[in-house]
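Quick notes on the structure that follows.
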Amino acid sequence: MQDIEKLSQLEKRPAHVLLLDDEPSVLRALSRLLNHHKIQTTTFTSGEDALAAMQNQEFDVVISDMRMPNMDGLEFLTKAMSTSPDSQRMLLTGYADIEATIGAINKAKIHAYMNKPWENDHLVHAVKQAIDKYRLTKHNSILQAHVLEQNKQLNELNHSLEQLVEKRTQQIKQVLKKLEVKHKHEQHEHQATVELLYNFINANPYIDGKLASNIAKTCRLIAKYLKLNREKIETAGMAGFLAQVGLLAMDPALYKVPTSQLTDQQKKLYYTHPATAQLMLMPAQHLNDVTEAIFHQYEKYNGEGIPKGLKHNAIPICAQILAVARDYWQYMALNQKPDDEKQLDALSHIKAFSEHLYNPCIVSALEACARQLHKRQNEQAGSMQILNSEQLQPGMILGLPVHNHQGIMLLPKGHVFTKVSIAKLKQLEHHKPTPFRLMISHRANDA
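As numbered in the working numbering, residues 1295 to 1741 make up the sequence shown, in order.
Rendered as structure tokens:
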């Protein structure tokens, strides 16, 4: 838990900015402005003194004037980059310093520059953005260190897992990199992140990606039935997709067999996967509600669950929905009977624990929705046209996701085909033994 403590300390520590300018009046003005916004500042009129301070303390942001005696801004920021590479570097420059500014961008890798005289609102906004980027960079460094430490422990337990651990480490590092990207539209950002993580779940040979997809669909149906708002419906669905993401950082021996076959010690480790998921998803601030639902998915309605022992309405509603949908599909997966009998058995199992493990309202919602699950899939398929890649035309809309033979999602539901995406799909098809069968709902201009 040392890494979590580091993250907590980082969140609690106030932002700290280093200011360098040979004019004390400029330093006073900048300090006054940033202090007003609860940002700590330390000022220097000498580049040498500023670099000495950076040897002993790391600053979120370093701001330097360009024109100064002895050491100019370009030289200082270049040295500052070597001393503290994670600190965000900003340059204050006059309109006449274009050539020097270009040099600073190329050599000192500055993240932003501001013209003198500056606009207060513009400068504060730029500094806050730089602070956010610095914090995100540190978050990722701590998380990557945590993953590496876990991998070391796994290697000590079982040397034969070395290749799998390395693969998982690279997967999680790629996920963390993707989470840094800020998309323009929040809905697209959520969906892209979930699809990316779902692909990593699907790529794991011991985790059933189809199970995650079924849980997600059921979570959405229950949330709609309960007339939750749009955001809660989306949160419930995404929590269903990512409920198992924490398993990616665990020993496969803990999840490649049913939990009933695990020892007591193994079960304790297994049920920490929601906490691991919380740590992995921490940089993705836009998924906070999803992370909360995953973290509390093993709470019980009677208050005897984990990790917090929450009871009744104190349990987040999306976590309550996830618990019902997850156990319904997991019970179905272990049942060898025909589909209709499996569905009835799973419903009976869930209803038997209503008010004890599950919210009775959500159990009733599952019972109502379960009747629609197979019917909904059949009706959905019947309203679509099945085409091959040669029949595709720009503007057509994909009715169901396209996956490769390993279960990796290539195109999401709702994708509007373009000439480029059609060409890429045909290229991928050359590596398949059989052509893609594409479910097309309608053209974009017919929607």
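The beta-carbon is built from N, C-alpha and C at its ideal position, and this holds for glycine as well.
Where residue i falls, given that 16 or more other Cβ within 10 Å makes a residue buried
| i | result |
| --- | --- |
| residue 1439 | exposed |
| residue 1743 | As displayed, the chain neither begins before 1295 nor continues past 1741, which places residue 1743 out of reach and without an answer. |
| residue 1477 | Model confidence at residue 1477 stands at a pLDDT of 41, short of 50, so the residue's coordinates are unreliable; what they give is reported in the following sentence. Residue 1477 comes out exposed. |
| residue 1638 | exposed |
| residue 1421 | buried |
| residue 1628 | exposed |
| residue 1526 | buried |
| residue 1686 | buried |
| residue 1464 | exposed |
| residue 1721 | exposed |
| residue 1712 | exposed |
| residue 1708 | exposed |
| residue 1531 | buried |
| residue 1382 | buried |
| residue 1304 | exposed |
| residue 1302 | exposed |
| residue 1726 | exposed |
| residue 1570 | buried |
| residue 1359 | buried |
| residue 1620 | buried |
| residue 1633 | exposed |
| residue 1343 | exposed |
| residue 1306 | exposed |
Selected residue, minimal CA-CA separation from residue i, among the options
| i | options | result |
| --- | --- | --- |
| residue 1339 | 1328, 1361, 1542 | 1361 |
| residue 1491 | 1468, 1505, 1582 | 1468 |
| residue 1504 | 1600, 1560, 1623, 1732 | 1623 |
| residue 1433 | 1707, 1631, 1299 | 1299 |
| residue 1698 | 1728, 1686, 1444 | 1728 |
| residue 1644 | 1664, 1588, 1528, 1531 | 1664 |
| residue 1450 | 1513, 1366, 1545 | 1545 |
| residue 1724 | 1709, 1620, 1682 | 1682 |
| residue 1610 | 1659, 1633, 1586, 1601 | 1586 |
| residue 1495 | 1718, 1515, 1461 | 1461 |
| residue 1607 | 1569, 1631, 1651 | 1651 |
| residue 1742 | 1519, 1529, 1369, 1598 | A question about residue 1742 goes unanswered here, because the residues of the chain that appear run from 1295 up to 1741. |
| residue 1748 | 1579, 1601, 1597 | Missing from the structure shown is residue 1748; the chain here goes from 1295 to 1741 and no further. |
| residue 1693 | 1718, 1684, 1732, 1660 | 1732 |
| residue 1376 | 1345, 1363, 1367 | 1345 |
| residue 1579 | 1334, 1412, 1426, 1336 | 1426 |
| residue 1417 | 1372, 1333, 1307 | 1333 |
| residue 1535 | 1521, 1554, 1513 | 1513 |
| residue 1403 | 1380, 1412, 1419 | 1380 |
| residue 1316 | 1306, 1521, 1367 | 1367 |
| residue 1318 | 1710, 1599, 1337 | 1337 |
Beta-carbon proximity check, residue i vs residue j, cutoff 7 Å
| i | j | result |
| --- | --- | --- |
| residue 1430 | residue 1577 | yes |
| residue 1584 | residue 1537 | no |
| residue 1549 | residue 1500 | yes |
| residue 1386 | residue 1410 | yes |
| residue 1567 | residue 1603 | no |
| residue 1327 | residue 1414 | yes |
| residue 1595 | residue 1653 | yes |
| residue 1575 | residue 1581 | yes |
| residue 1405 | residue 1374 | no |
| residue 1734 | residue 1690 | yes |
| residue 1706 | residue 1695 | yes |
| residue 1679 | residue 1543 | no |
| residue 1365 | residue 1388 | no |
| residue 1408 | residue 1378 | no |
| residue 1625 | residue 1646 | no |
| residue 1529 | residue 1612 | yes |
| residue 1516 | residue 1660 | yes |
The segment 1615–1634 touching the segment 1500–1518, judged by at least three CB pairs closer than 8 Å: Because the criterion of three Cβ pairs below 8 Å is met, the segment 1615–1634 and the segment 1500–1518 touch.
Beta strand (DSSP E) segments (min. 3 residues) lying fully within the segment 1355–1382: You should have 1355–1359.
Touch test, the segment 1341–1356 against the segment 1303–1312, Cβ-Cβ under 8 Å, three pairs minimum: The segment 1341–1356 and the segment 1303–1312 touch, with no fewer than 3 CB-CB distances between them shorter than 8 Å.
Contiguous alpha helix (DSSP H) assignments of at least 4 residues, all confined to the segment 1561–1646: Runs found: 1567–1575, 1582–1589, 1611–1628, 1633–1646.
Start-end ranges of the beta strand (DSSP E) lying completely within the segment 1678–1736, minimum 3 residues: Under the rule that a run must span 3 or more residues, the beta strand (DSSP E) segments found entirely inside the segment 1678–1736 read 1679–1681, 1690–1692, 1703–1705.
Contiguous alpha helix (DSSP H) assignments of at least 4 residues, all confined to the segment 1308–1335: DSSP runs (the alpha helix (DSSP H)) wholly in the segment 1308–1335: 1318–1330.
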